[in-house]
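Engineer:
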Amino acid sequence: MQVPQQIIGQFGRKRLLISAIVAVLVLIFTLSFRFIEEKKRIEQQPRNFANHAIQRFDRLFSPLDIAANDALQLVGLHCADVHFPLIKKMATLQTIRAVLLVNNDQVYCSSIFGKRETIFSTTYPDLAVNHQRMMLSVDHDLLKGSPILLLWTPKSADNRSGILQIINIEMMNNYLLAPALPWVERAIFNVGGKSLEFGNPLIEKATPAEDEVSYEKSSQHYPFTITLFGPAATHMALMTLPSQLPLALLLSLLMGYIVWLATANRMSLSWQINYGLSAQEFMVYCQPLINTKSGDCDGIELLLRWYNPRQGWISPEVFIPLAERQNLIAPLTRFVMREAIRHLPLLPARPTFHIAINVAASHFRDHAITDDLQRLWWPANPLPQLIVELTERDALPVVDQRIISHLHQAGVKLAIDDFGTGHSSLSYLKTLSPDVLKIDKIFTAAIGTDAINATVTDMVISLAQQLNISLVAEGVETAEQANYLRARGVNTLQGYFYARPMPIGDFPAWLAQHQPKPYD
Ligand code: C2E
Ligand code: CA
Ligand code: CA
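Here the sequence shown is numbered in the numbering used here, starting from -7 and rising by one per residue.
Structure (structure tokens):
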């Protein structure tokens, strides 16, 4: 069976679970978000690097182009005549190592060596035959073995005459392609299938290491590309995650805490009871009260039932004490009153029929019970007599005498529920002057078994009789108990022996087939 602590514990655990799930989701989301952002940022670094390098190379080559175009007019003139102007022109361009004039497939003049005699198409087939504009090569003349870049500017469409500029590419390379760690580990300049890498004077094809990824970008203006090798962005972004963890944890804990606070109301039993009232999860059941003289049913006690789709049936032993503590008992009692009134046409319409409702002692405070009766009960002009069963789990407070007399004047009977247990002490007999005492089911259960409790039962019975108070015995389950109580003059019996609590709507059918039970 559920106890209040279990229900509260369930709500608490659910709340904790939801808060924890939110916190974990926030943590995952924050880390994922930071990971994606970081990955994007890392991926952008080689792109920026390549764009920048290409721009700078393009800027380097464009004045060379202009100079070469200017020098095209010198092609065909005698080397002796053009050698000096050639030197002068090229002296302004620091990146140039040498300029060669080519006429009719003859390399016939060099800015460094003057007159030359080599065949252009044999020495530089890529430029002459394949119509390439650029070529990576190795210096054979001046600094033997050092890498050079050849820039070919043809004069004629047949590619047999033009200007060939020899560019000091290693210097440029070292200056323009210095790696940007940690994103760019290796930077490579490629022309026509040949590559020159930063820090490596050899012209060879570069391949990335196993854990490296490559990024390549080509120039829009010249036939070269830049290749970059570096660690995978995913890997690098993953490596940054530990440093993001403290902030992400803080954020997730904060969100979890906010959810914890925000669900305080929603996940509480008071919220559930309020919600249950509006969602019509509560039902009113009734249990017949049997007159021991006639054996007829001369009343019912109304008992609340709660079916909560989230938790199933919740026993009144669980939710009533909690509702009392949370000041939610009055709305529940009002619900019982409304339901009783709604079902009045189904109940026997005579003053000898009793309708008993359970009212918590706190409902007596500030005349709340009389106000509610005024508002809900009396306007319906019910013929059956109302019994208010007063229960208090902790201690019956000092109930205002005026309320008691008000109830009596209005013809309401007052019963003390669970008499003999807990705090229902003898002194209340005087202060409350009840019309009815309800003998608790533990005393009924003791009949024929437990000597002490059975004695208390007898004492309560004789006490009530001496004070002229009616008696109702609860929890009658056997014929033996019924006979015993009836023999001792208890007026009314209630228990599974006669009927279990039933939906109030089922009561007329039960009443129609009810036969007084024979007694010994
Ligand atoms: P109670 O007022 O003493 O109600 C009698 C309880 O005994 C009911 O339990 C009833 O189902 C149970 N009962 C009846 N006959 C027998 C029987 O033969 N054997 C046994 N073992 N039990 C029997 P229930 O309905 O679970 O209610 C428990 C308590 O919750 C009630 O005790 C009452 O104090 C409280 N309660 C129920 N409905 C309301 C309500 O509308 N307002 C208030 N304030 N309290 C209520
Ligand atoms: Ca009761
Ligand atoms: Ca009881």
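Just so it is clear, CB atoms sit at the ideal spot from N, CA and C, and this is done for glycine as well.
In three-state DSSP terms, what is residue 64?
Structural biologist: Helix.
Engineer: Are the stretch 123 to 133 and the stretch 141 to 149 touching, with three or more C-beta to C-beta distances below 8 Å?
Structural biologist: With a cut-off of 8 Å, the stretch 141 to 149 and the stretch 123 to 133 count as touching, because enough Cβ pairs lie within range.
Engineer: Tell me the DSSP secondary structure of residue 209 in three-state form.
Structural biologist: Here residue 209 sits in strand by DSSP.
Engineer: Where are the alpha helix (DSSP H) runs, 4 residues long or more, that stay fully inside the stretch 151 to 176, in chain order?
Structural biologist: Counting only runs of 4 or more, we get 161 to 168.
Engineer: Buried or exposed for residue 137, please, with buried defined as at least 16 other CB atoms from any protein chain shown within 10 angstroms of its CB.
Structural biologist: It counts as exposed.
Engineer: So if DSSP puts residue 235 in a beta bridge, which residue, or which two residues, is it bridged to?
Structural biologist: Looking at the DSSP assignment, residue 235 forms no beta bridge with any residue, so it has no partner.
Engineer: Can you give me the C-alpha to C-alpha distance between residue 452 and residue 309, rounded to a whole angstrom?
Structural biologist: Roughly 24 Å between the two C-alpha positions.
Engineer: Suppose contacts are defined by Cβ-Cβ distances below 7 Å. Is residue 471 in contact with residue 485 by that definition?
Structural biologist: No, Cβ-Cβ distance for residue 471 and residue 485 is not below 7 Å.
Engineer: Give a single yes or no on whether residue 381 has its beta carbon closer than 6 Å to a heavy atom of ligand 2.
Structural biologist: Checking every heavy atom of ligand 2 against the Cβ of residue 381, one is found closer than 6 Å.
Engineer: Count the other CB atoms, across all protein chains shown, that sit within 10 Å of the CB of residue 458; report buried if there are 16 or more and exposed otherwise.
Structural biologist: So residue 458 counts as exposed.
Engineer: Examine ligand 3 and report whether any of its heavy atoms sits within less than 6 Å of the Cβ of residue 316.
Structural biologist: Residue 316 Cβ: outside cutoff for every heavy atom of ligand 3.
Engineer: If we count the other Cβ atoms within 10 Å of its Cβ and call it buried at 16 or more, is residue 320 buried or exposed?
Structural biologist: Buried, because 16 or more other Cβ atoms sit within 10 Å of the Cβ of residue 320.
Engineer: For the beta strand (DSSP E) containing residue 183, list its first residue and its last residue.
Structural biologist: First-last of the beta strand (DSSP E) with residue 183: 178 to 183.
Engineer: Can the beta-carbon of residue 177 be found closer than 7 Å to that of residue 221?
Structural biologist: A contact, by the Cβ cut-off of 7 Å.
Engineer: Who are the Cβ neighbours of residue 347 in its own chain at under 8 Å, not counting the five residues just before and after it?
Structural biologist: 291, 292, 294, 332, 339, 374, 376, 377, 378 and 379, listed in sequence order.
Engineer: If you reduce the DSSP assignment to three classes, tell me which class residue 373 lands in.
Structural biologist: Three-state result, residue 373: coil.
Engineer: DSSP puts residue 501 in a beta bridge; with which residues?
Structural biologist: According to DSSP, which records beta bridges pairwise, residue 501 is partnered with nothing at all.
Engineer: Within this structure, are the beta carbons of residue 311 and residue 274 separated by less than 7 Å?
Structural biologist: Against a cut-off of 7 Å, the Cβ pair of residue 274 and residue 311 comes out as no contact.
Engineer: May I ask whether a heavy atom of ligand 1 can be found less than 6 Å away from the beta carbon of residue 331?
Structural biologist: No.
Engineer: Considering Cα atoms alone, identify which of 152, 430, 173 and 180 is closest to residue 161.
Structural biologist: Minimum Cα distance to residue 161 is reached at 180.
Engineer: Measure the C-alpha to C-alpha separation of residue 45 and residue 168 and round it to an integer number of angstroms.
Structural biologist: Each residue's alpha carbon lies about 6 Å from the other.
Engineer: With a threshold of 6 Å (Cβ to nearest heavy atom), would residue 469 be considered close to ligand 3?
Structural biologist: Result no, Cβ not under 6 Å from ligand 3.
Engineer: When you compare only the Cα positions, how much space is there between residue 288 and residue 383?
Structural biologist: Rounded to whole angstroms, residue 288 to residue 383 spans 26 Å at the Cα level.
Engineer: Going residue by residue through the stretch 54 to 140, where are the continuous alpha helix (DSSP H) segments of at least 4 residues, counting only ones entirely within it?
Structural biologist: Counting only runs of 4 or more, we get 71 to 83, 112 to 115 and 117 to 120.
Engineer: Is the distance from the Cβ of residue 94 to the Cβ of residue 52 below 7 Å?
Structural biologist: Going by C-beta atoms, residue 94 is not nearer than 7 Å to residue 52.
Engineer: Output the boundary residues of the beta strand (DSSP E) element that contains residue 396.
Structural biologist: Premise fails: residue 396 lies in the alpha helix (DSSP H), 393 to 401, not in any beta strand (DSSP E).
Engineer: Exposed or buried, residue 242, counting other C-beta atoms within 10 Å across all chains shown (16 or more means buried)?
Structural biologist: Residue 242 is exposed by the Cβ-count criterion.
Engineer: Which stretch, first to last residue, makes up the alpha helix (DSSP H) that contains residue 433?
Structural biologist: 433 to 438 is the extent of the alpha helix (DSSP H) around residue 433.
Engineer: Got a sec: does ligand 2 put a non-hydrogen atom nearer than 6 Å to the Cβ of residue 409?
Structural biologist: Residue 409: yes, Cβ under 6 Å from ligand 2.
Engineer: Report, in whole angstroms, the separation of the C-beta atoms of residue 78 and residue 56, which I expect to be a contact under 8 Å.
Structural biologist: At roughly 14 Å, the Cβ-Cβ gap does not stay under 8 Å, so residue 78 and residue 56 are not in contact.
Engineer: Is the separation between the beta-carbon of residue 444 and that of residue 465 shorter than 7 Å?
Structural biologist: No, the pair does not count as a contact, with Cβ atoms beyond the cut-off.
Engineer: On the CB-based measure, 16 or more other CB atoms within 10 Å of its CB, does residue 499 come out buried or exposed?
Structural biologist: When all chains shown are included, residue 499 counts as buried.
Engineer: When you measure from the CB of residue 426 to every non-hydrogen atom of ligand 1, does any distance come out below 6 Å?
Structural biologist: Checking every heavy atom of ligand 1 against the Cβ of residue 426, none is found closer than 6 Å.
Engineer: What separation, rounded to the nearest whole angstrom, lies between the Cα atoms of residue 148 and residue 211?
Structural biologist: Straight-line Cα distance between these residues: approximately 25 Å.
Engineer: Quick one: does the C-beta of residue 432 sit closer than 6 Å to a heavy atom of ligand 3?
Structural biologist: Result yes, Cβ under 6 Å from ligand 3.
Engineer: Flag residue 452 as yes when its Cβ comes closer than 6 Å to any non-hydrogen atom of ligand 1, and as no otherwise.
Structural biologist: Residue 452 Cβ: outside cutoff for every heavy atom of ligand 1.
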